[in-house]
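Structure representation (structure tokens):
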């Protein structure tokens with residue numbers, strides 16, 4: 002029955018994707034992308050992948066929509082006329098799609114208990130996690146400790162993305178036609194959204210911190226928490242105007258956050274070497290190896306959360322500053 | 026018992042998607058996205074219980090909060106677009 | 019007692035599902051933007067209350083119920099605000115409702 006629900010949601014996703022491609026009004030495309038993100042998140046949820054669903058919902062449906070709309074405010078709303086040479090692109094895309102579909106013929110059936118991932122990979126992690134790390138959420142254990150090096154790479158990818166956007170957009174201001182005070186007031190004159198938003202912001206922050214530290218016990222972790230905390234500050238910026246959001250969390254603080262996240266993560270890795278183990282070996286961080294692993298995961302998740310918050314807020318402010 | 030609610034919510038999500046694709050004005054589409062968001066929250070809560078995993082309710086809570094931010098971002102976009110257009114018209118004259 | 023809770027929660031869930039479905043049909047079939055908003059927002063809140071109350075009865079006194087109360091509270095707080103903000107933005111942008119009485123006809127009466 003769950004499979005039928007999944008297929009239904011994927012059909013809706015295909016319809017949405019066709020709608021995104023066929024429309025030429027970019028605002029409609031942004032709205033439909035929000036819906037597509039939700040559909041994917043619901044599908045991940047049906048497949049029992051809660052951490053991924055949470056990240057997709059927080060980043061894809063919330064932050065991405067805000068960033069796309071900020072970018073859309075700087076440009077026109079209609080797509081420009083399509084370029085020529087569509088036959089060649091169609092052939093390339095069709096060939097790639099056919100190759101990928103052919104490659105999936107060799108995969109095991111969905112939910113097959115004899116598949117290699119169910120007989121070799123998953124049981125090993127499920128056995129070894131209580132022995133080495135002893136936290137209930139195996140996904141966080143794999144992400145933070147067993148495959149911690151990959152997650153270090155992910156944090157550096159986020160860092161590079163932030164720096165890339167700041168190089169392209171930060172600093173220079175576009176010629177502003179709008180009087181400064183009117184654009185900066187945000188939704189201040191809309192009383193009801195403002196009041197409700199101000200009531201909600203502390204709770205969203207609290208929930209973000211809960212997701213950060215609860216990542217070892219349930220769905221959660223650094224990436225999701227960073228997105229939720231950034232969303233709360235973006236809500237404040239939308240309601241009170243971007244200038245007040247910058248006075249609350251100035252640009253230097255954002256740059257500090259962007260830098261401190263990977264620094265913390267790398268620092269924990271180097272602390273492993275200094276204390277006598279390998280790089281990113283958390284067992285040496287404390288006298289009891291299991292406690293050391295838990296401490297290490299806590300610290301690196303904090304590093305990830307700080308980094309993601311800083312980067313998302315810096316990108317948002319970079320876009321919003323161009324519109325001034 | 027949960028299956029009936031899930032099917033009703035999924036059908037409503039499909040109807041909201043049709044409205045998002047059809048809606049003649051942009052406000053219809055924003056309405057459809059907002060409705061889609063709250064239905065997703067209900068769907069996630071019901072399926073979390075269907076699976077017997079109540080600790081998945083964190084996702085529904087996160088989504089309820091994020092949906093609000095998305096709609097307010099759209100409003101801010103409309104407001105600044107209206108300001109920009111009136112400023113450009115004012116300068117053109 | 020357990021049978022009573024089960025029946026009550028089943029009734030609430032069915033009514034909630036019906037309400038959600040009516041909202042979806044209303045948003046599709048109503049003639050005008052404002053009537054669609056009316057259908058969507060009213061049935062949103064109603065459906066949320068009924069469905070979440072039904073699930074809460076099934077969960078009993080546990081952490082899950084507290085999370086469900088939090089979800090219900092946030093939904094009840096944010097969903098009407100979004101509908102209000104959307105309607106006010108549409109009105110300020112100049113979209114007129116279908117059932118509006120024109121000004122001169124009103125003055126002459």
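Residue numbers (my numbering), protein chains in the order written: chain A, 2 to 325; chain B, 26 to 118; chain C, 19 to 127.
Even for Gly, the Cβ is constructed at its ideal location relative to N, Cα and C.
Please state the DSSP three-state secondary structure of residue 279 of chain A. coil
Count the other C-beta atoms from every protein chain shown that fall within 10 angstroms of the C-beta of residue 59 of chain A, then say buried if there are 16 or more, exposed otherwise. Per the 10 Å Cβ criterion, buried.
Determine whether the beta carbon atoms of residue 305 of chain A and residue 262 of chain A lie at a separation below 8 Å. With a cutoff of 8 Å on beta-carbon distance, residue 305 of chain A and residue 262 of chain A are scored as near each other.
Please report whether the beta-carbon of residue 110 of chain B lies at a distance below 8 Å from any beta-carbon of chain C. no
Where do the N-terminal and C-terminal ends of the alpha helix (DSSP H) with residue 81 of chain B fall, by residue? First-last for residue 81 of chain B: undefined, no H or E at that position.
Can you have a look at residue 289 of chain A and say buried or exposed, based on whether 16 or more other CB atoms are within 10 angstroms of its CB? exposed
Using 8 Å as the Cβ pair cut-off and three pairs as the minimum, do the stretch 29-37 of chain A and the stretch 281-295 of chain A touch? no
Is residue 221 of chain A buried or exposed, if buried means 16 or more other CB atoms sit within 10 Å of its CB? That one is buried.
With 16 other CB atoms within 10 Å as the buried threshold, where does residue 275 of chain A fall? Taking every protein chain shown into account, the CB of residue 275 of chain A has fewer than 16 other CB atoms within 10 angstroms, so this residue is exposed.
Any idea if residue 22 of chain A is buried or exposed, counting beta-carbon neighbours within 10 angstroms, 16 or more meaning buried? exposed
When the Cβ atoms of the stretch 65-79 of chain C are set against those of the stretch 68-83 of chain B, are three or more pairs found closer than 8 Å? yes
Since residue 76 of chain C is in the alpha helix (DSSP H), which residue starts that stretch and which ends it? 51-77
Residue 114 of chain A versus residue 124 of chain A: straight-line alpha-carbon distance, rounded: 12 Å
Under the three-state DSSP convention, the category residue 176 of chain A falls into: Confidence at residue 176 of chain A is low in this model, with a pLDDT of 49, below 50, so its placement is unreliable and no value can be given for it.
Option nearest residue 77 of chain B by Cα separation, candidates A:53, A:228 and A:49: Looking at the Cα atoms, A:49 is the closest of the given residues.
If we define contact as Cβ-Cβ less than 8 Å, is residue 197 of chain A a contact residue for chain C? Chain C, which has a Cβ nearer than 8 Å to the Cβ of residue 197 of chain A, makes this yes.
Residues near residue 68 of chain A in its chain [Cβ-Cβ closer than 7 Å; skip 5 each side]: Taken in chain order, the residues that qualify are 316, 317 and 320.
Ignore the nearest five residues each way along the sequence and tell me which others in residue 176 of chain A's own chain have a CB closer than 6 Å to its CB. Residue placement at residue 176 of chain A is poorly supported in this model, since its pLDDT is 49, which falls under 50; the coordinates still yield a value, given next. Within the same chain, residue 176 of chain A has no close Cβ partners at all.
Less than 8 Å between the beta carbons of residue 232 of chain A and residue 32 of chain B, yes or no? no
Suppose the cutoff is 6 Å on Cβ atoms and the five residues either side in sequence are ignored; what does the same chain contact list for residue 81 of chain B look like? In chain order, 73 place their CB closer than 6 Å to the CB of residue 81 of chain B, counting only its own chain and leaving out the 5 sequence neighbours on each side.
Which chain B residues sit within Cβ distance under 7 Å of residue 43 of chain C? 40
Leaving out five residues before and five after residue 54 of chain B in sequence, what residues of the same chain have Cβ atoms less than 7 Å from its Cβ? 45 and 48
Do residue 47 of chain A and residue 6 of chain A have their CB atoms nearer than 8 Å? yes
Can you grab the Cα-Cα spacing for the pair residue 148 of chain A / residue 139 of chain A, in whole Å? 12 Å
Can we say the stretch 100-116 of chain C touches the stretch 40-55 of chain C, given the rule of at least three CB pairs closer than 8 Å? yes
Find the nearest neighbour of residue 166 of chain A within the set A:273, A:72, A:200 and A:26, judged by alpha-carbon distance. A:72
Name the residues in the stretch 21-32 of chain C whose C-beta lies less than 7 Å from a C-beta of chain E; which are they? The structure shown contains no chain E; the protein chains it does contain are A, B and C.
Could you tell me whether the stretch 86-100 of chain B touches the stretch 57-68 of chain B, using the rule of 3 or more Cβ pairs below 8 Å? yes
Residues of chain A with CB closer than 8 Å to the CB of residue 96 of chain C, please, in chain order. By Cβ distance, chain A contributes 197 and 201.
Look up residue 79 of chain A in the DSSP assignment and say whether it is helix, strand or coil. strand
Run through DSSP, which three-state label would residue 26 of chain A get? strand
Please name the residue, chosen from A:127, A:202, A:111 and A:298, that lies closest to residue 246 of chain A on a Cα-to-Cα basis. A:202
How do the stretch 300-314 of chain A and the stretch 107-114 of chain B stand: do at least 3 beta-carbon pairs fall below 8 Å, yes or no? no
Mind listing which residues of the stretch 5-17 of chain A have their C-beta closer than 8 Å to chain B's C-betas, in chain order? Within the stretch 5-17 of chain A, those residues whose Cβ lies closer than 8 Å to any Cβ of chain B are, in chain order, 6, 9, 10, 13, 16 and 17.
What are the start and end residues of the alpha helix (DSSP H) that includes residue 234 of chain A? 223-241
Contact set for residue 101 of chain C: own chain, Cβ-Cβ below 8 Å, skip 5 residues either direction: Excluding sequence neighbours, residue 101 of chain C sits near 55, 58, 59 and 62.
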